[in-house]
Amino acid sequence: MGFVVLHMEKAHGSDSGTTAHIERFIIPKNADPTRTHLNRKLITYPDGIKDRTAAIQKRLKEAGLTRKIGNNQVRAIRINVSGTHEDMERIEREGRLDEWCADNIKYFADLFGKENIVAAHLHRDEETSHIHITLVPIVKGERKRKKKEEQVKKRYRKKPADTVRLCADDIMTRLKLKSYQDSYAIAMAKYGLQRGIDGSQARHKSTQQYYRDIQKLADGLKSEVVELQEQKTEAEQELRRAKKEVQTEKLKGAATAAATNIAESVGSLFGSNKVKTLERRNEDLQDRILELEEEARQREQQQAKHIQEITDAYEQRHRKLSEFVDFVKCYFPYVEKLMPTIKFLRDTLNFGDAVIRKLCTFKDVSIKGELYSCEFNQHFKAEKAVCSLKEDKEGKYNLHIDGVSHVSWFRRKKEEFMEKLRPQTRRQNRGINL
-19 MGFVVLHMEK
-9 AHGSDSGTTA
1 HIERFIIPKN
11 ADPTRTHLNR
21 KLITYPDGIK
31 DRTAAIQKRL
41 KEAGLTRKIG
51 NNQVRAIRIN
61 VSGTHEDMER
71 IEREGRLDEW
81 CADNIKYFAD
91 LFGKENIVAA
101 HLHRDEETSH
111 IHITLVPIVK
121 GERKRKKKEE
131 QVKKRYRKKP
141 ADTVRLCADD
151 IMTRLKLKSY
161 QDSYAIAMAK
171 YGLQRGIDGS
181 QARHKSTQQY
191 YRDIQKLADG
201 LKSEVVELQE
211 QKTEAEQELR
221 RAKKEVQTEK
231 LKGAATAAAT
241 NIAESVGSLF
251 GSNKVKTLER
261 RNEDLQDRIL
271 ELEEEARQRE
281 QQQAKHIQEI
291 TDAYEQRHRK
301 LSEFVDFVKC
311 YFPYVEKLMP
321 TIKFLRDTLN
331 FGDAVIRKLC
341 TFKDVSIKGE
351 LYSCEFNQHF
361 KAEKAVCSLK
371 EDKEGKYNLH
381 IDGVSHVSWF
391 RRKKEEFMEK
401 LRPQTRRQNR
411 GINL
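Structure, rendered in structure tokens:
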């Protein structure tokens, strides 16, 4: 039984950088571009709202706030939910990913108010599927006073209990954060997920921080190697100086001693305390050089091994992905042609995965609800409309509704809509009464 993942983080300012990451305006390094098309929005933006940042601003504008928002005030709370990697893969295999997404949206809408949950995006192009939820921290009631404010003797008029405020601190108190972990684990229990260890010292680490730590470790290893090389160079220089001193002493002894006393002088020289000290120092330096060289060699081997492991894992994953793509293109050539149509069904018409999968088997599917037209920027009601995918003369697959292309179907619905708006003229008889 795996664990749930629930991480909440305050966002200061407009938070446009996070919007670019979530909306995939910029593809991050840890994302798989071949799976980005599997990502989807779980909450449809209102008309005229193009992205997450605009949705945050719209909620703040319509909330009825009476106080001016500070430049660095928290305007949104980032919520990241997921589960253990193996359990998320199991949920996808069981076909329960849509249900898991819906339960997550319901949990946070019930907890913080549906109107305050302005965006939700499912990411499936990273290693573990997860949801980014954006919460605008709109609360009601008078703010809590700090202790130093309570000590002031002046009394202020108490504000109404239903005053609307923008306050992330009220939502992210220590006790409330703990209660969120408890209640969220209960909501996700039916998927085989449980709460993490209460009071654990483990802390969430962002992707950026993880890569910074890896880079910092690599830089540290490089610095240590450079330092060891410098120590080796200094030791070699010290050894050469020591040898030069010994040679100089030998030459002095040979020049001043008589030929008959050369052997005795040399023996006396090598027996002196200074030379013996230098020789011992030379031996110590040689041993230290060997130790430093061995340490440098081991560190280089460890670093090379780590880099090779990362490279092998990446190449293996890339090879499997390439083999899978080649297999699909070979035995299911129509899949590549279906990709634009699938993206249209999911992102524009907001079809669920179950409906899209059935349509991709080229079966008729009966739907009920509202369908959005990009041409008219309007939703049209569908009552038991029969949808299917048909291949045109160019080999492209298009959506047909009730036997006609979706373009023709929307235009027909638009005509019906306009017909209802036209006023009915009454004909009046203007005869002569006899």
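Residue numbers (the working numbering): -19 to 414. Using N, Cα and C, we set each Cβ at its ideal position, and we do this for glycine too.
Cβ neighbours of residue i in the same chain (closer than 6 angstroms, five flanking residues each side left out)
i, result
"residue 455", "Summary: the structure shown does not reach residue 455, with the chain confined to residues -19 through 414, and so no result is reported for it."
"residue 350", "359 and 361"
"residue 325", "331 and 336"
Extent of the continuous beta strand (DSSP E) run through residue i
i, result
"residue -17", "-18 to -8"
"residue 363", "358 to 371"
"residue 144", "144 to 146"
"residue 120", "118 to 120"
"residue 114", "110 to 115"
First and last residue of the uninterrupted alpha helix (DSSP H) at residue i
i, result
"residue 161", "154 to 167"
"residue 70", "65 to 73"
"residue 88", "77 to 92"
Cutoff 8 angstroms; reference residue i; Cβ partners in own chain excluding five residues on either side
i, result
"residue 402", "none"
"residue 310", "none"
"residue 416", "Residue 416 lies beyond the range of the chain shown here (-19 to 414); nothing can be said about it."
"residue 6", "0"
"residue 12", "105, 106 and 301"
"residue 377", "314, 317, 318, 321, 369, 370 and 371"
Cutoff 7 angstroms; reference residue i; Cβ partners in own chain excluding five residues on either side
i, result
"residue 117", "54, 57, 146, 147, 148 and 151"
"residue 17", "319 and 323"
"residue 208", "272, 275 and 276"
"residue 398", "none"
"residue 314", "none"
"residue 4", "16 and 19"
"residue 316", "309"
"residue 82", "none"
"residue 283", "201"
Distance between beta carbons of residue j and residue i, contact taken as under 8 angstroms
i, j, result
"residue 269", "residue 215", "5 angstroms"
"residue 354", "residue 321", "About 14 angstroms; that fails the 8 angstroms criterion."
"residue 369", "residue 339", "5 angstroms"
"residue 367", "residue 336", "About 10 angstroms separates the two Cβ atoms, so there is no contact after all."
"residue 390", "residue 356", "7 angstroms"
"residue 201", "residue 279", "6 angstroms"
Buried versus exposed call for residue i [16 or more other C-beta atoms within 10 Å across all chains shown]
i, result
"residue 97", "buried"
"residue 168", "buried"
"residue 155", "exposed"
"residue 113", "buried"
"residue 259", "exposed"
"residue -8", "exposed"
"residue 294", "exposed"
"residue 416", "Residue 416 is absent from the model: the chain starts at -19 and stops at 414."
"residue 197", "exposed"
"residue 44", "exposed"
"residue 299", "exposed"
"residue 84", "buried"
"residue -6", "exposed"
"residue 166", "exposed"
"residue 68", "buried"
To test your reading of the DSSP string, which unbroken beta strand (DSSP E) runs of 3 or more residues are found completely within the stretch 323 to 353?
List check, beta strand (DSSP E) in window: 345 to 353.
Would you mind listing the alpha helix (DSSP H) stretches within the stretch -10 to 49 that are 4+ residues and don't spill past its ends, in chain order?
-4 to 2 and 32 to 42
Contiguous beta strand (DSSP E) assignments of at least 3 residues, all confined to the stretch 376 to 408
377 to 381
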